[in-house]
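Peer 1: Protein sequence lines, in the order shown, are assigned to chains V and L.
In the numbering used here, each number is its position in the first sequence, counted from 1, plus 314.
In the numbering used here, each number is its position in the second sequence, counted from 1, plus 214.
Yeah, the Cβ is synthetic: ideal placement off N, Cα and C, and Gly gets one too.
Could you have a look at this structure, given as structure tokens, before my questions?
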Amino acid sequence: MKKVLNGLMATLMFVSGAAMPAFAGSEDVVVEDAWARASIGVNRPGAAYMIIRNTGDEAVTLTGLRTDLAMMPDIHQTSTNAEGVSSMAPAGEIEIAPGEAVSLEPGGLHAMLMRLQRPMAEGESFSLTLDFSDGGEIMVEVPILGIAARGPEG
Amino acid sequence: MNRRTALKYAFAGIAAIILTLVVGWWQVDGPGAPEQAGLRPVALSEMEFRLTDHAGNEVGPENLIGSPSMVFFGFTYCPDVCPTTLSDISGWLDDLGEEVEGMNVVFITVDPERDTVEAMAEYVGYFHPLIRGWTGPEEEIARAARGFRARYERVPREDGDYTMNHTASVFLFDAKGRFSTMIDYHEPREFAVPKIRRALNKETEGAT
Chain V
315 MKKVLNGLMA TLMFVSGAAM PAFAGSEDVV VEDAWARASI GVNRPGAAYM IIRNTGDEAV
375 TLTGLRTDLA MMPDIHQTST NAEGVSSMAP AGEIEIAPGE AVSLEPGGLH AMLMRLQRPM
435 AEGESFSLTL DFSDGGEIMV EVPILGIAAR GPEG
Chain L
215 MNRRTALKYA FAGIAAIILT LVVGWWQVDG PGAPEQAGLR PVALSEMEFR LTDHAGNEVG
275 PENLIGSPSM VFFGFTYCPD VCPTTLSDIS GWLDDLGEEV EGMNVVFITV DPERDTVEAM
335 AEYVGYFHPL IRGWTGPEEE IARAARGFRA RYERVPREDG DYTMNHTASV FLFDAKGRFS
395 TMIDYHEPRE FAVPKIRRAL NKETEGAT
């Protein structure tokens with residue numbers, strides 16, 4: 315039975331693999347200026363930033379993140395209210411209109427890397443996969459800068 | 215409708231308008247206005263709290279009088295706002311160079327449960343050497359926050375951990391401990407640096 319299931323899985327994977335080029339939209343997504351801050355150990359969550367540009371002519375929806383660096387990567391939104399109090403909440407799915415870009419930058423949206431599996435060391439990098447609603451995905455190699463970095467230039 | 219009745223209506227209408235205006239003023243600007251959360255901090259000399267700096271020294275507001283001070287709240291488990299604030303401040307201090315010599319720059323944690331003296335020491339070590347990290351018992355942090363009119367709140371996160379909402383403004387005081395101004399989160403450097411310079415040079419001027 316297990317063998318049959320495995321075979322079935324393999325067939326399914328093959329079929330879905332064969333369907334790859336049919337993605338509408340997410341193949342036109344380009345990621346620029348990705349960077350992250352180094353972490354102190356693994357107890358504190360990390361953050362990564364980038365610009366996600368939709369160069370196509372259809373809207374795309376970013377549905378989630380995956381990385382082996384963190385067990386719970388998620389896009390969060392920081393907001394500061396009129397009284398100067400900052401708070402952070404999951405941003406949910408993010409739609410990017412054709413020709414538009416979404417910036418993940420300090421004080422706004424960021425890829426929050428919860429449950430780090432290893433420390434984020436300055437000078438290293440990690441791969442982050444962006445999942446889109448059309449089933450497409452984009453893998454980004456994110457360079458890790460110093461803790462005090464302010465942008466992709468350091 | 216005769217003339218008299220019309221006049222009566224007109225008077226009633228005008229009275230209603232005046233009443234609405236008075237009530238509106240009372241609630242928005244007058245004594246009935248709700249206490250604003252974005253109030254200015256009191257003078258450092260009027261504050262009272264006892265904390266420990268990242269080198270293990272006992273500290274309080276009196277340590278901040280005598281030199282201009284820059285104080286802000288945050289926590290080291292904060293992935294976005296706090297490292298950004300600390301690196302912004304480090305950048306401003308770099309820009310000001312020797313002008314900031316002797317200035318007190320203090321980061322007070324709102325998360326003393328995780329931010330021990332050791333955690334603060336390690337964290338501030340990554341930023342400008344003038345930045346000191348203060349922590350202490352929760353009640354003392356609360357007393358400090360009250361003085362600065364800063365707010366914070368513990369919020370559970372979806373992974374079972376927790377995060378802290380907190381006031382992200384940077385408070386500036388002159389050498390006498392009088393509140394000078396504050397720098398809001400993400401204020402451009404063109405505004406921040408002159409504000410700091412003003413607090414630095416305020417020694418001889420009157421309070422604003």
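Specify, as a first and last residue, the run of the beta strand (DSSP E) that Met-396/L falls within.
Peer 2: The residue you call residue 396/L lines up with position 182 of the second sequence. Run containing Met-396/L: 393-397, per the beta strand (DSSP E) assignment.
Peer 1: Answer with yes or no whether the minimum CB distance from Val-343/V to chain L is below 8 Å.
Peer 2: Start at 1 with the first residue of the first sequence, and residue 343/V comes out as number 29. Residue contact check for Val-343/V against chain L: no CB pair falls below 8 Å.
Peer 1: Closest to Gly-413/V by C-alpha separation, out of Ala-435/V, Asp-371/V, Met-428/V, would be which residue?
Peer 2: On the first sequence, residue 413/V is found 99 positions in, with the first residue counted as 1. Proximity to Gly-413/V across Ala-435/V, Asp-371/V, Met-428/V peaks at Asp-371/V, based on C-alpha coordinates.
Peer 1: Tell me, which residues are paired with Ala-415/V by DSSP?
Peer 2: Taking the first residue of the first sequence as position 1, residue 415/V is located at position 101. Paired residue(s): Arg-367/V.
Peer 1: Work out the CA separation of Ser-447/V and Arg-346/L for me, nearest whole Å.
Peer 2: For this step, residue 346/L is matched to residue 132 along the second sequence. For this step, residue 447/V is matched to residue 133 along the first sequence. C-alpha separation (whole angstroms): 46 Å.
Peer 1: Which same chain residues end up closer than 7 Å to Ala-406/L when comparing Cβ atoms and leaving out the 5 residues on each side of it in sequence?
Peer 2: Locating residue 406/L in the second sequence gives position 192, where the first residue counts as 1. Excluding residues within five positions, the ones whose Cβ falls inside 7 Å are Trp-306, Ile-397.
Peer 1: Could you give the residue range of the alpha helix (DSSP H) that holds Asp-308/L?
Peer 2: Taking the first residue of the second sequence as position 1, residue 308/L is located at position 94. 295-310 is the extent of the alpha helix (DSSP H) around Asp-308/L.
Peer 1: If you count every other CB in all the chains shown that lies within 10 Å of the CB of Ile-231/L, and 16 or more means buried, which is it?
Peer 2: Mapped onto the second sequence, residue 231/L falls at position 17. Classification for Ile-231/L: exposed.
Peer 1: Using DSSP with H/G/I as helix, E/B as strand and the rest coil, what is Arg-464/V?
Peer 2: For the purposes of this step, residue 464/V is taken as the residue at position 150 of the first sequence. Three-state DSSP puts Arg-464/V in coil, outside helix and strand.
Peer 1: With 7 Å as the limit, tell me which residues of the region 410-438 of chain V have their beta carbon closer than that to any beta carbon of chain L; keep them in chain order.
Peer 2: If the cut-off is 7 Å between Cβ atoms, the region 410-438 of chain V has Pro-420, Gly-421, His-424, Met-426, Met-428, Arg-429 near chain L.
Peer 1: Would you check if the region 362-369 of chain L and the region 291-302 of chain L touch, i.e. whether three or more CB-CB distances between them fall below 8 Å?
Peer 2: These segments do not touch.
Peer 1: Less than 8 Å between CB atoms is the rule here; does Gly-468/V satisfy it with respect to chain L?
Peer 2: Residue numbering aside, residue 468/V sits at position 154 when the first sequence is read from its first letter. Not an interface residue.
Peer 1: Which one or two residues does DSSP pair with Ser-400/V in a beta bridge?
Peer 2: For the purposes of this step, residue 400/V is taken as the residue at position 86 of the first sequence. Under DSSP, Ser-400/V forms a beta bridge with Thr-394/V, His-380/L.
Peer 1: Evaluate the contact criterion for the region 316-335 of chain L versus the region 278-297 of chain L: three or more CB pairs, one atom per stretch, below 8 Å.
Peer 2: yes
Peer 1: If you measure from the beta carbon of Val-454/V to each beta carbon in chain L, is any gap under 8 Å?
Peer 2: Mapped onto the first sequence, residue 454/V falls at position 140. Val-454/V does not count as touching chain L.
Peer 1: Using only the alpha-carbon positions, how far apart do Ile-461/V and Arg-358/V sit?
Peer 2: Here residue 461/V corresponds to residue number 147 of the first sequence, with the count starting at 1. Here residue 358/V corresponds to residue number 44 of the first sequence, with the count starting at 1. Approximately 12 Å between the Cα atoms of the pair.
Peer 1: Does His-400/L have its Cβ less than 8 Å from a Cβ in chain V?
Peer 2: Working through the second sequence from its first residue, we reach residue 400/L at position 186. Chain V, which has a Cβ nearer than 8 Å to the Cβ of His-400/L, makes this yes.
Peer 1: Among the residues of its own chain, which have a CB less than 6 Å from the CB of Gly-355/V, if the five just before and after it don't count?
Peer 2: Within the first sequence, the letter at position 41 stands for residue 355/V. Closer than 6 Å at the Cβ level, and outside the excluded window around Gly-355/V, lie Pro-433.
Peer 1: In whole angstroms, what is the alpha-carbon distance linking Pro-387/V and Gln-431/V?
Peer 2: Position 73 of the first sequence, counting from 1, holds the residue named residue 387/V. Position 117 of the first sequence, counting from 1, holds the residue named residue 431/V. Cα to Cα, Pro-387/V sits roughly 11 Å from Gln-431/V.
Peer 1: Here's a check: name, in chain order, each residue in its chain whose Cβ is nearer than 7 Å to the Cβ of Ala-382/L, leaving out the five neighbours to either side.
Peer 2: Translated into positions along the second sequence, residue 382/L becomes position 168. Taken in chain order, the residues that qualify are Val-295, Thr-299, Tyr-399.
Peer 1: Considering just the uninterrupted stretch of the alpha helix (DSSP H) at Tyr-337/L, what are its terminal residues?
Peer 2: Here residue 337/L is taken as the residue at index 123 of the second sequence, counted from 1. Unbroken alpha helix (DSSP H) run through Tyr-337/L: 331-338.
Peer 1: On the DSSP bridge list, what partners appear for Pro-370/L?
Peer 2: As a position in the second sequence, residue 370/L is number 156, starting the count at 1. Looking at the DSSP assignment, Pro-370/L forms a beta bridge with Tyr-376/L.
Peer 1: If you measure from the beta carbon of Glu-404/L to each beta carbon in chain V, is any gap under 8 Å?
Peer 2: For the purposes of this step, residue 404/L is taken as the residue at position 190 of the second sequence. Answer no: the Cβ-Cβ gap between Glu-404/L and chain V never drops below 8 Å.
Peer 1: DSSP puts Thr-266/L in a beta bridge; with which residues?
Peer 2: Within the second sequence, numbered from 1, the residue matching residue 266/L stands at position 52. For Thr-266/L, which the question treats as bridged, DSSP gives the partners Glu-272/L, Thr-349/L.
Peer 1: What is the DSSP secondary structure of Phe-440/V, counted as helix, strand or coil?
Peer 2: One-based indexing of the first sequence puts residue 440/V at position 126. In the displayed model, Phe-440/V falls within a strand according to three-state DSSP.
Peer 1: Would you check if the distance between the CB atom of Ala-348/V and the CB atom of Leu-459/V is smaller than 8 Å?
Peer 2: One-based indexing of the first sequence puts residue 348/V at position 34. One-based indexing of the first sequence puts residue 459/V at position 145. No, these two residues do not count as a Cβ contact at 8 Å.
Peer 1: Helix, strand or coil: how does DSSP classify Pro-408/L here?
Peer 2: Looking up residue 408/L in the second sequence gives position 194. Correct three-state label for Pro-408/L: helix.
Peer 1: Would you say Pro-404/V faces chain C, with C-beta separation under 8 Å as the test?
Peer 2: Absent here is chain C; the protein component of the structure consists of chains V and L.
Peer 1: Assuming Ser-281/L contacts Met-334/L (C-beta within less than 8 Å), just tell me the rounded distance between them.
Peer 2: By one-based count along the second sequence, residue 281/L stands at place 67. By one-based count along the second sequence, residue 334/L stands at place 120. Rounded to whole angstroms, the Cβ separation of Ser-281/L and Met-334/L is 21 Å, and the two are not in contact under 8 Å.
Peer 1: Starting from the C-beta of Arg-254/L, find all residues in its chain whose C-beta is less than 6 Å away, skip the five residues before and the five after it, and write them out in chain order.
Peer 2: The sequence position of residue 254/L within the second sequence is 40, counting from 1. Excluding residues within five positions, the ones whose Cβ falls inside 6 Å are Phe-393.
Peer 1: What are the residues in the region 299-317 of chain L lying within 8 Å of chain V by C-beta distance?
Peer 2: Leu-300, Ser-301, Asp-302, Ser-304, Gly-305
Peer 1: Between Met-284/L and Val-319/L, which are expected to be in contact by the criterion C-beta below 8 Å, what is the C-beta distance as a whole number of angstroms?
Peer 2: On the second sequence, position 70 is the one that residue 284/L refers to. On the second sequence, position 105 is the one that residue 319/L refers to. Indeed, because the Cβ distance is near 5 Å, the residues count as touching under 8 Å.
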